[in-house]
Amino acid sequence: MMARQDSNQDSRTRKIVAVARGEATSDGAGVKMTRLIGSGARPPLDPFLMLDFFGSERAGDYIGGFPDHPHRGFETVTYMLAGRMRHRDNHGHSGVVEAGDVQWMKAGRGLIHSEMPEQDHGLMRGFQLWINLPAAEKMAPPAYQEFKAAQIPVEEREGAKVKLIAGAGISGAVGPVRAPHVDALYFDIELAPGARFRQETPPDHQAFFVLYEGSAFTPDMTGGQEARSLALLELGQGEEAVLTAGGQGARALLLAGRKLREPIAWSGPFVMNSREELIQAYEDFATGRF
Ligand code: FE
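First residue of the sequence shown? That's 0 in numbering that gives the first Met the number 0, and the numbers climb one at a time after it.
This is how it looks when you write it as structure tokens:
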């Protein structure tokens, strides 16, 4: 088959190195989801540990929510596309994440929280991403960055609307979330049919798209084969992430971040650098020190 030619394609463009469909799974109290990163089939993409997509109109798929559970050593990012999720932690912080809102939670040295649907019918749809913290930040105090949909800039590009959750666009606009430890970029992109999206990304950063509606081509997919939702499109080295929408348009996330290149000791809700630190995490949790 002929490679799909692109006259602008050169060594600067990141090529797709893997397409992953994700794995159907359930977590919390029986919430059905697709795990795109962080399952056996798809190990972490440093610094991104895990990525779940949930999307259902059936209350039975989400109503159980995520009752009280701990976290230590990383950040969780909840981005809602539809529905309402109530969050509450054991330090007195609570709130509701609604459609279009983002909650960027730095668990740091630890907290116990619940994430429960604030609805008993209708569509619940969104993503939860886990981003690793560097060793020096794993025991930092917990912190939140929370933004309503209206506070997040949307950049109008040719054939594209780009919602800047974290990172800088091309217009001078910058997403409100500050993620200095990995210099994260988190965009939600809506592409018209056939439209092409381009974004500079530091060459040594990890980068991938998550196609969650429609279909799209990325450089060097061959023979007219499109990637179809739902898919994680892992990108190789390069300076520019490029995605071209198929005939029905596309919606996708673009995520990028600096690799931490540190050892990972991961058990359930704790992600540390060593086994000793994991044992300490279980001990601290068991003795009420979260
Ligand atoms: Fe959680």
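Even glycine gets a Cβ: it sits at the ideal position worked out from N, Cα and C.
Using the DSSP secondary-structure output, state which residues sit across from residue i in a beta bridge.
i, result
"S214", "R227"
"Q205", "G256"
"M79", "G125"
"P69", "I111"
"R84", "In the sequence on display, residue 84 carries Met and not Arg. M84 pairs with V96 and P116."
"D26", "V30"
"K162", "V153 and D187"
"S266", "F269"
Would you kindly work out how many angstroms separate the C-alpha atoms of residue i and residue j, rounded to a whole number?
i, j, result
"A17", "A249", "19 Å"
"G54", "D60", "9 Å"
"L291", "F196", "In the structure as shown, the chain begins at 0 and stops at 289. Residue 291 is therefore absent and cannot be evaluated."
"F216", "Q247", "12 Å"
"A251", "K147", "20 Å"
"F289", "F73", "14 Å"
"R257", "G91", "32 Å"
"R260", "G125", "28 Å"
"D283", "E238", "43 Å"
"A290", "M271", "Nothing can be reported for residue 290: it is not among the residues displayed for the chain, which extend from 0 to 289."
"G235", "Q150", "32 Å"
Near residue i, what residues of its chain come up, given a Cβ to Cβ distance below 8 Å and the 5 sequence neighbours on each side ignored?
i, result
"R274", "A264"
"N7", "Caution applies to N7, whose pLDDT of 49 falls short of 50 and renders its modelled position unreliable; the model cannot decide the point."
"D119", "A58 and I62"
"E145", "G94, V96, D100, V101, Q102 and W103"
Might you give, ordered along the chain, the residues of its own chain that have their beta carbon closer than 6 Å to the beta carbon of residue i, omitting 5 neighbours on each side?
i, result
"A194", "G158, A159 and A244"
"A255", "L184, T200, H204 and A206"
"G166", "G174 and L184"
"D67", "I111 and S113"
"G143", "In the sequence under discussion, the amino acid at residue 143 is Tyr, which differs from the Gly named in the question. Hits under 6 Å: M104."
"E117", "R83, R85 and V95"
"G29", "G63"
"M49", "I36, G37 and W129"
"E136", "H180"
Tell me, to the nearest whole angstrom, how far the beta carbon of residue i is from that of residue j; I am working on the premise that it is less than 8 Å.
i, j, result
"M138", "R108", "4 Å"
"V76", "V101", "7 Å"
"A98", "A81", "5 Å"
"F47", "L128", "6 Å"
"R13", "A230", "Their Cβ separation, rounded to whole angstroms, is 16 Å, which puts R13 and A230 out of contact at 8 Å."
"V161", "F186", "5 Å"
For residue i, collect the residues of the same chain with a Cβ closer than 7 Å to its Cβ; drop the 5 residues on either side in sequence, then sort them by chain order.
i, result
"T24", "M32, R34 and S38"
"G267", "none"
"M123", "F53, S55, Y61, A81, G82 and P116"
"L232", "I15, V18, F207, F208, L210, T217 and A226"
(message) Please enumerate, following chain order, all residues with a beta carbon closer than 6 Å to at least one heavy atom belonging to the ligand FE.
(response) F65, H68, H70, T75, H112 and E114
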